[in-house]
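Numbering (the numbering used here), first residue to last: -12 to 258. Here a beta-carbon is modelled for each residue, glycine too, at the ideal position from N, C-alpha and C. Notes follow once the structure below has been shown.
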């Protein structure tokens, strides 16, 4: 493999540095036009390496699972680790429609960070939309869309299904299974009266298990359920809440986010 050479001026002095890297051997050689103390040199390059490493670790990529037409994508994080498997109707990207006058990246972040971790927020120019927000998970993106669809401004709309590129350098064998529940779940409801009734109950019977139910301190009109069994579904939680709260309108429960273990069984077979 050929050596790679780059030239840069670093904030050590007026010195210009030539950096030669040999990826095959994992070696980097640096030459300077000026004399620089070893301590200054190490300190400056340590900061650059730390910043670059942090940036690379945060990068994630979606690749197709199976053929590109399947619509199923794997989100790959640092080291090729599978972060999440996305079905054709799922996405972590939310486009922002009908932006408020003077909407900025900061204002969009402030509104949407209440729904989950924001990986990226970017304004697009020359487009019909303000831009987009990428969340840490598809569940967070879905909640953001659900909770803003009735807003007059800064509405979220999930990215439409698209074809992901195939990564010819990676083949994975995936075993599909439902990840176990961590024991916790968030439930968003529309009725303040029903919300108050649920919090007053304190406990709830779900699939034969006594579950603690309380108000979420982070988001308004959201319940926090703890002590759920590992094998649980949205339907069982909704049914238990409606029965306990003596409510017949299913639309009163708008969103259920079951927190599941992040491990996805995947074995890399070819690199």
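Query                                                                                                             : Result
Those residues which DSSP pairs with residue 243 across a bridge                                                  : 174
Distance between residue 195 and residue 177 (C-alpha atoms, nearest Å)                                           : 26 Å
For residue 103, the residue or residues it bridges with in DSSP                                                  : Answer is none; residue 103 lacks a bridge partner.
Residue 231 vs residue 183 beta-carbon contact at 7 Å                                                             : no
Residue 9 classed as buried or exposed, judged by whether at least 16 other C-beta atoms fall within 10 angstroms : exposed
DSSP beta-bridge partners of residue 80                                                                           : 121
Range of the contiguous beta strand (DSSP E) that encloses residue 197                                            : 196 to 202
Residues bridged to residue 189 [DSSP beta-bridge criterion]                                                      : Looking at the DSSP assignment, residue 189 forms no beta bridge with any residue, so it has no partner.
According to DSSP, residues forming a beta bridge with residue 95                                                 : Bridge partners of residue 95: none, in fact.
Counterpart residues of residue 18 in DSSP-defined beta bridges                                                   : 5
Residue burial classification, residue -7 (beta-carbon count within 10 angstroms, cutoff 16)                      : With a pLDDT of 49 at residue -7, under the threshold of 50, the modelled position of this residue cannot be trusted; read the value that follows with caution. That one is exposed.
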